[in-house]
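Have a look at the structure below before the remarks.
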Ligand code: MG
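Residue numbers (our numbering): 87 to 473.
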């Protein structure tokens, strides 16, 4: 079976408004990674030889490109309903005509490494056309009847998850036949409607569907629990004042009677923080990754350095869990800009703001910062790697 050609369709065309936050939920970051990117990364890890296509919303191509980084899967635009989006994705695979397709929801990032092998086995050895992971209902159930809630049996009820796996040609035919027909809430139902032979395999409790805002907190907890190797990195940087009328601190332009001298934008806060992130994974320092003599970094916005450091953490399947920056200067005053700096760092790292801290202090007019010759910054970063 492992030699079979396998396609994976990741359905991410919904608006996902229930989760709040402005962006469709599949693009909201969880510990530095947009939900869809996390789902695709897990698909690729579970099925390294599979070809992946994402089905996205008609207005989302720019958001998709920004979210998926290097090596994004091919994408197609979805339809008005989930069912039509799946059909659009299947049609995109038609020319290649894989043997098997797994149809997956972007909102279920976890569990595929356990469920995919069972699904493929059910088709290869079980002789089924389609299979889906499912778990029995363990809570007691009640059915609402008017004002009353009467007991209902859970004995024969199962919760069905994704990915759902199918022989490609029959599921494409089934979806074509069912196009425009409502009431079929998942692909297993579409298959069943067409008379295909389906089964259920054991699901995974971690394969939660991220729907509401609180689900992001639960997913965050699951991702942290997978990463028990906790590292703390430290960074320190100094830049001298020079000609100018503003300084850039933690990604925020702050008007001042001087600028900061440096090859890049001289953002002393983001430089210290970049070194802290690199330090947490033992990956040398900012000067090794971004040599000051390199013309590419002349006047560069320093968020690129921090993003690159964070991507090295992601490449090791780690997460940046918390960062803390202390700026040291007599002037300019940091307080009025602290909230903007916190928000900017949170945005760069894809973290919630409660995982970012920006502080400031003077040195009581002592030393070079006390003499207003420049600004210093200290930072720590807490990184969690897989245990
Ligand atoms: Mg520097």
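For each residue, glycine too, the CB sits at the ideal point set by N, CA and C.
Residue 151 and residue 455 have their C-alpha atoms some 42 Å from each other. A check of alpha carbon separations from residue 244 across 211, 452 and 227 identifies 227 as the nearest. For secondary structure counted as the alpha helix (DSSP H) over 4 or more consecutive residues, the stretch 368-455 holds these complete runs in sequence order: 372-375, 389-401 and 424-435. Taking 6 Å as the cut-off, one finds at least one heavy atom of the ligand MG near enough to the beta carbon of residue 323. Relative to residue 202, the option among 193, 211 and 188 whose CA is nearest is 188. In terms of side-chain proximity, the C-beta atom of residue 357 is found nearer than 6 Å to a non-hydrogen atom of the ligand MG. Secondary structure note for residue 340: its beta strand (DSSP E) is the uninterrupted segment 338-341. Burial check for residue 360: the Cβ neighbour count within 10 Å reaches 16 or more, so the residue is buried. Residue 179 carries a helical assignment under DSSP once its states are collapsed to helix, strand and coil.
Boundaries of the alpha helix (DSSP H) around residue 129: 121-132. By the C-beta criterion, the stretch 192-209 is judged not to be in contact with the stretch 257-273, since fewer than 3 inter-stretch pairs fall below 8 Å.
Residue 355: member of the alpha helix (DSSP H) spanning 354-366, first to last residue.
Your pair residue 123 and residue 153 checks out as a contact, with CB atoms roughly 6 Å apart and the cut at 8 Å. The stretch 276-285 and the stretch 417-437 do not touch, with fewer than three beta-carbon pairs separated by less than 8 Å. Between residue 208 and residue 287, the C-beta gap is smaller than 7 Å, which places the two residues in contact.
For the options 469, 171, 344 and 350, the alpha carbon positioned closest to that of residue 410 is the one of 469. Boundaries of the alpha helix (DSSP H) harbouring residue 311: 299-311, taken from the DSSP string. For residue 459, there is no enclosing alpha helix (DSSP H), as DSSP gives it neither H nor E.
Across the set 231, 393 and 435, the C-alpha of 435 shows the shortest separation from the C-alpha of residue 408.
Take the alpha-carbon of residue 176 and the one of residue 109: they are about 26 Å apart. Rounded to the nearest whole angstrom, the C-alpha separation of residue 401 and residue 163 is 28 Å.
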